[in-house]
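As structure tokens, the structure follows; a few thoughts come after it.
2 protein chains.
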Amino acid sequence: MKAKKEITIYDIAKKLKYSPSTISRALNDHTSISKKTIRAIKKTAKEMGYHPNSLAASLRNNRSKTLGIMISRINRPFISSLISGIEEHARKSGYNVIISQSNDKYENEVVNAQTLYNSRISGLIVSLSMETRKVDHLKQFMDQGIPIVFVDRVPDELNIHKVIIDNYAAGYKATQHLIEQGCSRIAHFAGAQHRNVYRERKKGYIDALKDYNIPVDNDLIIRFKSLSFEEGEKATRKLLDLPGPPDGIFSANDTTAVSAILHAKKRGVKIPEELAVIGFNDDPIASIVEPGLSTITHPAIKMGQICAQRILQHAREDQDHAVSEITVLPTELLIRDSSNRKGI
Amino acid sequence: MKAKKEITIYDIAKKLKYSPSTISRALNDHTSISKKTIRAIKKTAKEMGYHPNSLAASLRNNRSKTLGIMISRINRPFISSLISGIEEHARKSGYNVIISQSNDKYENEVVNAQTLYNSRISGLIVSLSMETRKVDHLKQFMDQGIPIVFVDRVPDELNIHKVIIDNYAAGYKATQHLIEQGCSRIAHFAGAQHRNVYRERKKGYIDALKDYNIPVDNDLIIRFKSLSFEEGEKATRKLLDLPGPPDGIFSANDTTAVSAILHAKKRGVKIPEELAVIGFNDDPIASIVEPGLSTITHPAIKMGQICAQRILQHAREDQDHAVSEITVLPTELLIRDSSNRKGI
DNA sequence: ATATTTTATGCAATCGGTTGCATGTTTTTG
DNA sequence: CAAAAACATGCAACCGATTGCATAAAATAT
Numbered sequence: 001m002k003a004k005k006e007i008t009i010y011d012i013a014k015k016l017k018y019s020p021s022t023i024s025r026a027l028n029d030h031t032s033i034s035k036k037t038i039r040a041i042k043k044t045a046k047e048m049g050y051h052p053n054s055l056a057a058s059l060r061n062n063r064s065k066t067l068g069i070m071i072s073r074i075n076r077p078f079i080s081s082l083i084s085g086i087e088e089h090a091r092k093s094g095y096n097v098i099i100s101q102s103n104d105k106y107e108n109e110v111v112n113a114q115t116l117y118n119s120r121i122s123g124l125i126v127s128l129s130m131e132t133r134k135v136d137h138l139k140q141f142m143d144q145g146i147p148i149v150f151v152d153r154v155p156d157e158l159n160i161h162k163v164i165i166d167n168y169a170a171g172y173k174a175t176q177h178l179i180e181q182g183c184s185r186i187a188h189f190a191g192a193q194h195r196n197v198y199r200e201r202k203k204g205y206i207d208a209l210k211d212y213n214i215p216v217d218n219d220l221i222i223r224f225k226s227l228s229f230e231e232g233e234k235a236t237r238k239l240l241d242l243p244g245p246p247d248g249i250f251s252a253n254d255t256t257a258v259s260a261i262l263h264a265k266k267r268g269v270k271i272p273e274e275l276a277v278i279g280f281n282d283d284p285i286a287s288i289v290e291p292g293l294s295t296i297t298h299p300a301i302k303m304g305q306i307c308a309q310r311i312l313q314h315a316r317e318d319q320d321h322a323v324s325e326i327t328v329l330p331t332e333l334l335i336r337d338s339s340n341r342k343g344i
Numbered sequence: 001m002k003a004k005k006e007i008t009i010y011d012i013a014k015k016l017k018y019s020p021s022t023i024s025r026a027l028n029d030h031t032s033i034s035k036k037t038i039r040a041i042k043k044t045a046k047e048m049g050y051h052p053n054s055l056a057a058s059l060r061n062n063r064s065k066t067l068g069i070m071i072s073r074i075n076r077p078f079i080s081s082l083i084s085g086i087e088e089h090a091r092k093s094g095y096n097v098i099i100s101q102s103n104d105k106y107e108n109e110v111v112n113a114q115t116l117y118n119s120r121i122s123g124l125i126v127s128l129s130m131e132t133r134k135v136d137h138l139k140q141f142m143d144q145g146i147p148i149v150f151v152d153r154v155p156d157e158l159n160i161h162k163v164i165i166d167n168y169a170a171g172y173k174a175t176q177h178l179i180e181q182g183c184s185r186i187a188h189f190a191g192a193q194h195r196n197v198y199r200e201r202k203k204g205y206i207d208a209l210k211d212y213n214i215p216v217d218n219d220l221i222i223r224f225k226s227l228s229f230e231e232g233e234k235a236t237r238k239l240l241d242l243p244g245p246p247d248g249i250f251s252a253n254d255t256t257a258v259s260a261i262l263h264a265k266k267r268g269v270k271i272p273e274e275l276a277v278i279g280f281n282d283d284p285i286a287s288i289v290e291p292g293l294s295t296i297t298h299p300a301i302k303m304g305q306i307c308a309q310r311i312l313q314h315a316r317e318d319q320d321h322a323v324s325e326i327t328v329l330p331t332e333l334l335i336r337d338s339s340n341r342k343g344i
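As given, the protein sequences belong to chains E and G, one line each in that order.
Quick note on full-length UniProt numbering: the first sequence kicks off at 1 and runs consecutively.
Quick note on full-length UniProt numbering: the second sequence kicks off at 1 and runs consecutively.
Here it is in structure tokens:
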């Protein structure tokens, strides 16, 4: 099973007695080639079974029509929706999408950055790993004028492009909602505090408490390593065992919020009457758990589309790294039964 | 912000007074270059900030170290886990992964195949769109000796590589389980019958009924278009309105199974006593719904890893398309409360 | 009819590695 | 010590498309 030789523009040129340049230009609808010639060349190309070699074009242009994506893990609802949005938009614009998972390890992120760089991607979309604290490994892209858009988990740097949600406002909203439902001892499941998203959510939580004159009790703020289901159960147990257990929980993700609901129910704690719970993300499980989990919704797919759009825009123009562009997408408070004490 | 010129092997060659060939070989640990030279060259390369240009290498080799993936949609638990497995394995082996979504449209699949082909991928992993009925658009890969591995939703052709689960056995197991729990009127939520996975699951269902001398009632077999939550609710309503409603449901996915549970509960139908339900896939929602959804588990991540492994193996050897290789992975019956009448 | 534009096409260098073959050098062997 | 073998490196063609510059041909203006 030998691979037949591929047809190249040279083969077409020979057959049609044109030069390779003309073939190349014709196939790219270059204006300096007459319509008639273009038509004829395209027809012949098709007949001969010509498949353009993107590698050659990319090499020549020193840029492949490809976007790189760096994320922690693909198989999470938010991330996979984000990627779906990116891929869809990129493909429509004729770009391929390469994905790379860091598994939340800084080390992997560095290696992946290297590989993507070597592939001469035209743009990079990054959501940082949990561990990442510095972004030197991405400097090479900026140096080469390869646009980077950070999304969701972004660095604190200023002169960069970001697509994010207002985590602070969302955290505030969620907490405020619990307060309005009559909660006065509100716990918070917090993520790693060097990651903007978790830090901001917590800030929003704290400021809401302060604004409503509710004392901030550090015993009620649980620092999570990975916001996993197991961690959530453990934390809930600990909280409910407290002499003064909380009457509300604002969790930085849905997974741990759901684990809290399930654990509380198991102990006979009534939700939302004795414990109101609100999560973050609106994962599929949020609508399935009973009572339904109130949560903060992300426009994940749209975020992806915007990332792709931004990056392509920058990739085309000779972008200006001096100006940063921050897109903040709206979140919504989605009230289900896990926090609805007043029957709204 | 101008892009600095990239360092090439020619620059290194000039600096070290070696020929580019030697540099190239040294960087690739070619045996004909002395250890000492290799060490010196690599050191200098690093110092100079050399970044290999994979495009150039790929062009020369007429193959980029990249795997293509064609799937319906990324943001589904099974698919994203599958991709995660592929990506992980591929990356370890030094391959990039390009993904393309068909959104279950044949037309998109054809276009995507073209784009991937033009990128000169080294191998292709495909799970067919819901619509796809012929695979001519993939012939070009085979003609060029580019290995293809089909996964999960595979064509019926014989001489191809497949990584699948035994859908028939799983369907049989699931149905048998319901029968053993005392169900005698078992409904089936079936997917599109030209897709192997759904056809096989249904076959297993029917054969199990037959083996246990239970009549096959066509009114209890619902043909779904997309196995969505809404479709599931509608179907459940219809079934429960029947003069002789079912006492068990085997659904070809978890989404519709969960929708059945929720709808049945709303109507006061007791699960599993009056209606036992079993799904397929073990999506996260399966463990959250109450009662917990019994289901068939897929080793999704592992399937991905095996796909990557197979494809890389074929990409390296000059593969032999004459022989097909079919890997069938085990599924497991995971019994939760939605079907557990006897309290096992 | 000649000069000037406009239009259509070709030439040849280039992008950055890779590799078969040739050559020069060193080591081993008889 | 010469011949053979092993080792180390270089030459130059090649992968396939792109593009600035040059040029030929056709159309328009004078």
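Glycine included, every Cβ here is placed at the ideal spot set by N, Cα and C.
{"Check": "Which of the residues in the region 113–126 of chain E, read from start to end, lie with their CB under 7 Å from any CB of chain G?", "Outcome": "Thr115, Tyr117, Asn118, Ser119 and Arg120"}
{"Check": "If I'm right that E:Ser251 touches E:Ala260 with Cβ under 8 Å, what's the distance once you round it to whole angstroms?", "Outcome": "7 Å"}
{"Check": "Quick check on this structure: which residue in E:Thr236, E:Pro272 and E:Glu109 has the alpha carbon closest to the alpha carbon of E:Glu180?", "Outcome": "E:Pro272"}
{"Check": "Verify the CB distance criterion: does E:Met1 have a CB-CB separation below 8 Å to chain G?", "Outcome": "Confidence in E:Met1 is poor, its pLDDT being 41 and thus under 50, which makes the residue's placement too unreliable to answer from."}
{"Check": "Pull up the CB-CB distance for G:Ile165 and G:Val149, whole angstroms please, since I reckon it's below 8 Å.", "Outcome": "With 8 Å as the limit, G:Ile165 and G:Val149 do not qualify as a contact, their Cβ atoms being about 14 Å apart."}
{"Check": "Classify G:Ile69: buried if its beta carbon has 16 or more other beta carbons within 10 angstroms, exposed otherwise.", "Outcome": "buried"}
{"Check": "Tell me G:Gly68's beta-bridge partners as DSSP assigns them.", "Outcome": "G:Ile98 and G:Leu124"}
{"Check": "Taking three-plus beta-carbon pairs below 8 Å as touching, is the region 329–340 of chain E in contact with the region 22–39 of chain G?", "Outcome": "no"}
{"Check": "Tell me whether G:Gly171 sits in a helix, a strand or coil according to DSSP, three-state version.", "Outcome": "helix"}
{"Check": "G:His194 and G:Ile221 - do their beta-carbons sit closer together than 8 Å?", "Outcome": "no"}
{"Check": "Would you grab the beta carbon distance between E:Ser339 and E:Ala276 for me? Rounded to a whole angstrom, and I think it's under 8 Å.", "Outcome": "4 Å"}
{"Check": "Here's a check: name, in chain order, each residue in its chain whose Cβ is nearer than 7 Å to the Cβ of G:Thr44, leaving out the five neighbours to either side.", "Outcome": "Ile12, Lys15 and Leu16"}
{"Check": "For E:Glu109, tell me which candidate among E:Ile71, E:Ile83 and E:Gly94 has the shortest Cα-Cα distance.", "Outcome": "E:Ile71"}
{"Check": "Please list, in chain order, all residues of the same chain as G:Thr236 whose beta carbon is under 7 Å from its beta carbon, the five residues on each side excluded.", "Outcome": "Ser259, Ala260, His263 and Ala264"}
{"Check": "Name, please, each residue of chain E whose Cβ falls closer than 7 Å to the Cβ of G:Asn340.", "Outcome": "Near G:Asn340 there are no residues of chain E at all, since even the closest Cβ is about 18 Å away, more than 7 Å."}
{"Check": "Quick one: using the 10 Å Cβ neighbour count with 16 as the cut-off for buried, is G:Pro147 buried or exposed?", "Outcome": "buried"}
{"Check": "Give every residue of the same chain whose Cβ lies closer than 6 Å to the Cβ of G:Leu312, excluding the five residues on either side of it in the sequence, and list them in chain order.", "Outcome": "Ser93"}
{"Check": "Does the structure place the region 23–38 of chain E close enough to the region 88–104 of chain E that three or more beta carbon pairs sit under 8 Å?", "Outcome": "no"}
{"Check": "Run through chain E and tell me which residues come within less than 7 Å of G:Ile99, C-beta to C-beta.", "Outcome": "Glu87, Val97 and Ile99"}
{"Check": "Using a Cβ-Cβ distance under 8 Å, would G:Ser80 count as near chain E?", "Outcome": "yes"}
{"Check": "Which residues share a DSSP beta bridge with G:Ser251?", "Outcome": "G:Phe189"}
{"Check": "Using beta-carbon positions only, say whether E:Val197 and E:Ile206 come within less than 8 Å of one another.", "Outcome": "no"}
{"Check": "Examine the Cβ distances between the region 59–68 of chain E and the region 128–146 of chain G and report whether three or more of them are shorter than 8 Å.", "Outcome": "no"}
{"Check": "Measuring only between beta-carbons, confirm whether G:Leu59 sits less than 8 Å from chain E.", "Outcome": "yes"}
{"Check": "What residue does the beta strand (DSSP E) around E:Glu332 start on, and which one ends it?", "Outcome": "Glu332 to Leu334"}
{"Check": "Just to make sure I have the definition right: I need the residues of chain G whose C-beta is within less than 7 Å of the C-beta of E:Ala56. Which are they?", "Outcome": "Leu59"}
{"Check": "So if I threshold CB-CB distances at 7 Å, which residues from the region 252–280 of chain E count as touching chain G?", "Outcome": "Val258"}
{"Check": "Step through the CB atoms of chain E and report whether any lies within less than 8 Å of the CB of G:Ser324.", "Outcome": "no"}
{"Check": "Going along the chain, which unbroken runs of the alpha helix (DSSP H) with 4 or more residues stay wholly within the region 230–291 of chain G?", "Outcome": "254–266 and 284–288"}
{"Check": "Is the beta carbon of E:Ile83 sitting closer than 8 Å to the one on G:Ile74?", "Outcome": "yes"}
{"Check": "Applying the criterion that 16 or more other CB atoms from any shown protein chain within 10 Å of the CB defines a buried residue, is G:Tyr53 buried or exposed?", "Outcome": "Before going further, note that residue 53 of chain G is Asn rather than Tyr in the sequence given. G:Asn53 comes out buried."}
{"Check": "Need the endpoints of the alpha helix (DSSP H) that residue 350 of chain G sits in, please.", "Outcome": "Residue 350 of chain G is absent from the model: chain G starts at 1 and stops at 344."}
{"Check": "Would you say E:Arg316 lies against chain G (beta-carbon separation less than 8 Å)?", "Outcome": "no"}
{"Check": "Taking only beta-carbon atoms, is E:Ile288 less than 8 Å away from chain G?", "Outcome": "yes"}
{"Check": "Interface residues of chain G around E:His188 at Cβ under 8 Å?", "Outcome": "None at all; the shortest Cβ gap to chain G is about 22 Å."}
{"Check": "Among E:Tyr95, E:Gln305, E:Gly204 and E:Ile335, which one has its Cα closest to the Cα of E:Arg316?", "Outcome": "E:Tyr95"}
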